[in-house]
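Residue numbers for the sequence shown follow my numbering, beginning at 659 and rising by one. Shown next, in structure tokens, is the structure this report addresses.
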Amino acid sequence: MKHCQVSAQKIIVVNNDITFIPDTKGYKELDKGKNILFVGRIFPQKGLEFLLDTAQKVIGIDPQVKFLIGGDGIMIPQVVQSIAERELEKNVLLTGMGQ
Numbered sequence: 659m660k661h662c663q664v665s666a667q668k669i670i671v672v673n674n675d676i677t678f679i680p681d682t683k684g685y686k687e688l689d690k691g692k693n694i695l696f697v698g699r700i701f702p703q704k705g706l707e708f709l710l711d712t713a714q715k716v717i718g719i720d721p722q723v724k725f726l727i728g729g730d731g732i733m734i735p736q737v738v739q740s741i742a743e744r745e746l747e748k749n750v751l752l753t754g755m756g757q
């Protein structure tokens with residue numbers, strides 16, 4: 659307290675008295691298998707079509723792999739359509755705010 663030039667009598671310690679209990683009702687637990695995660699803006703610059711091309715190839719080799727896409731952006735409708743056209747709905751999950 660010498661550095662701040664404040665007397666010790668003017669200082670009160672206030673403990674953080676908040677107990678955090680997460681609300682997990684809306685959460686779904688992931689399978690213990692192979693999960694690949696993308697987190698970012700769903701914009702053309704991010705290369706989601708390339709990711710979906712790659713996902714299709716990987717899933718063709720190992721159908722147990724799951725791709726999780728977390729984020730929001732202008733390309734959500736196109737990504738949803740592309741997932742459906744490639745029949746990847748069981749393996750590619752959108753988890754972002756746009757859902």
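Cβ atoms here follow ideal geometry from the backbone N, Cα and C, with glycine treated the same way. Bear in mind that the values here come from a model prediction, so they are computed numbers and not experimental data.
Could you name the residues of the same chain whose beta carbon sits closer than 7 Å to that of N717, not counting the 5 residues immediately before and after it, in chain order? The residue asked about is misnamed: residue 717 is Ile in this sequence, not Asn. Only V723, L746, N749 meet the Cβ criterion.
Pairwise C-alpha distance: T677 and F725: 34 Å
Report buried or exposed for V737, applying the criterion of at least 16 other Cβ atoms within 10 angstroms of its Cβ. buried
With distances taken between CB atoms, is the gap from G691 to I727 smaller than 8 Å? no
From N673 to T682, what distance separates their C-alpha atoms? Taking the Cα positions, N673 is about 26 Å away from T682.
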